[in-house]
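Residue numbers (this note's numbering), protein chains in the order written: chain A, 1 to 143; chain B, 144 to 460.
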């Protein structure tokens, strides 16, 4: 059994579907942080069989966690203070996502003007459909 | 998407037109009332845009839409600058749409932009200091065509609701069809009959929307069977430029042709609309039928663009 110690202040992303930990690491920009980050891959899980876990020792408000809801609803966000779980933060689908996914429509203006941000808006909350702000093409990128 | 509110170079709140849904039903009513008044008394509006300039930035050829915009501005006493091909603009040197519109904002008071890439006019609107009108962006939106279609129906039929509307031809790639249906969905009691070959049916998102809104519609393959039921028939061209290969285009382009014999099956008040240019989907022997209004439609297009220019420049009140 591998042991990773408790964190004093920060947050723990639990119930990440196995294999998506590294993708979340980059999506959240954790590679750019100068703080302690632990990624646990393929941890045993009663609910999922296998799961990934990320522990980050920094102020949760420094990061935009919106993208997590788009990646998977099952992820839980536990905010930790003084070594204890202070709150479980619910995941909400963001109304807009900037430079998280790329528009794949070859007819979209973003395909030729490289400096444009790739912005998607939430078109259907129930079906979790995001569409490109410029061409309305449905996002087809798997997160 | 909602537009961000910004102040334009004339000190007024900037307003653009990207899709027909950018205007509320009430705003559209005002616009159509103004267009109707222009139609009835054009002299009254002959100098409304004096000393104002319209820039027509057309990155792909579209003679009719560009000339309609230019005629509209000239009719209002304004002037026109612009280009009609990407090759004659700075785009050929690699200038971005964002930069071009910043430059155009210094020259003109309002801009009509056509671009082969979807969303290009929206990029322009985000950086512009003058109102931007989407004059067609690829297969995406062509709002002034929709306004033209709606004004034609409203002016000749006196209303925009309670119709059985047939839409025929390329319903998959035909942006005018998608725009018109989306705009007409805001008016009650319209039924839709989509007439197309299997390959060119309406996109699934539109079908889902119609189902969600409990709108009555059918999808059929034969034009003849639907004709007696229709109040309006919207014909479209199978557009060569929307196909990736020539073979598919040649196979599908002649699928539906409206001719004098088929018109005999339709009711005496059925109105035939077409966004033009027509290739051969409507035979010339239909042109003299009083139910064929597609050339009249072009004239309505000028009136509605005049009303739009005035509205976006804040000169409609």
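Quick reminder that beta carbons are idealized off the backbone N, C-alpha and C, glycines included.
- Across the segment 109–126 of chain A, CB contacts with chain B closer than 8 Å involve 109, 110, 111, 112, 113, 115, 116, 121, in sequence order along the chain.
- One Cα belongs to residue 84 of chain A, the other to residue 155 of chain B, and the distance between them is close to 54 Å.
- Of all residues in the segment 257–278 of chain B, only 258, 259, 260, 261, 262, 263, 265, 266 place a beta-carbon less than 8 Å from a beta-carbon of chain A.
- In the DSSP annotation of this structure, residue 399 of chain B is not part of any beta strand (DSSP E), being labelled neither H nor E.
- Cβ-Cβ distances below 6 Å link residue 195 of chain B to 221, 252 in the same chain, with the five nearest sequence neighbours on each side left out; the list follows chain order.
- Looking at B:204, B:293, B:338, the one whose alpha-carbon comes closest to that of residue 229 of chain B is B:204.
- Sixteen is the threshold: since fewer than 16 other Cβ atoms of the shown chains lie within 10 Å of the Cβ of residue 44 of chain A, the residue is exposed.
- As for any alpha helix (DSSP H) of minimum length 4 sitting wholly inside the segment 305–333 of chain B, the runs are 318–327, ordered along the chain.
- Three or more Cβ pairs closer than 8 Å define a contact, and the segment 172–185 of chain B meets that threshold against the segment 435–455 of chain B.
- Cβ-Cβ distances below 8 Å link residue 390 of chain B to nothing in the same chain once the five nearest sequence neighbours on each side are left out.
- Interface criterion not met: the Cβ of residue 130 of chain A is under 8 Å from no Cβ in chain B.
- With respect to chain B, the C-beta atom of residue 105 of chain A has a partner C-beta closer than 8 Å.
- Counting only the Cα atoms, residue 434 of chain B lies some 16 Å from residue 310 of chain B.
- Here residue 51 of chain A really is in contact with residue 17 of chain A; their C-beta atoms are around 7 Å apart, less than 8 Å.
- In the DSSP secondary-structure assignment, residue 414 of chain B is bridged to B:375.
- Here residue 74 of chain A carries a coil assignment [DSSP, helix/strand/coil].
- Residue 54 of chain A: member of the beta strand (DSSP E) spanning 49–56, first to last residue.
- Identification of chain B residues near residue 135 of chain A by a Cβ-Cβ cut-off of 7 Å yields 261, 262, 283, ordered along the chain.
- For the segment 223–254 of chain B, the residues whose beta carbon sits under 9 Å from a beta carbon of chain A are, in order, 239, 240, 241.
- In the three-state reduction of the DSSP assignment, residue 199 of chain B falls in the strand class, which pools E and B.
- Straight-line measurement puts the Cα of residue 249 of chain B at about 14 Å from the Cα of residue 223 of chain B.
- When DSSP states are grouped into helix, strand and coil, residue 17 of chain A belongs to the strand group.
- A residue is called buried once 16 or more other Cβ atoms fall within 10 Å of its Cβ, and residue 315 of chain B is buried on that count.
- DSSP places residue 46 of chain A in the coil class of the three-state scheme, outside both helix and strand.
- Straight through space, the alpha carbons of residue 26 of chain A and residue 82 of chain A are spaced by roughly 27 Å.
- If you draw a 10 Å sphere on the C-beta of residue 447 of chain B, you find 16 or more other C-beta atoms in it, and that means buried.
- When the five nearest sequence neighbours on each side are left out, the beta carbons in the same chain lying within less than 7 Å of the beta carbon of residue 245 of chain B are those of 270, in order along the chain.
- Shortest Cα-Cα distance from residue 8 of chain A to any of A:69, A:63, A:37, A:67 involves A:37.
- Each of B:282, B:342, B:199, B:261 was checked against the Cα of residue 243 of chain B, and the nearest Cα belongs to B:199.
- Taking residue 53 of chain A as reference, the option from A:127, A:132, A:75 with the minimal CA-CA separation is A:75.
- The beta carbons of residue 47 of chain A and residue 10 of chain A sit about 23 Å from each other, so the pair does not count as a contact at 8 Å.
- Taking a 10 Å sphere around the C-beta of residue 317 of chain B, we find 16 or more other C-beta atoms and assign the residue as buried.
- Going by C-alpha positions, residue 344 of chain B is about 44 Å away from residue 152 of chain B.
- Assignment of residue 258 of chain B by DSSP, reduced to helix, strand and coil, places it in the strand class.
- Where residue 87 of chain A is concerned, the enclosing beta strand (DSSP E) starts and stops at 84–89.
- Residue B:408 holds the alpha-carbon nearest to the alpha-carbon of residue 371 of chain B among B:377, B:355, B:304, B:408.
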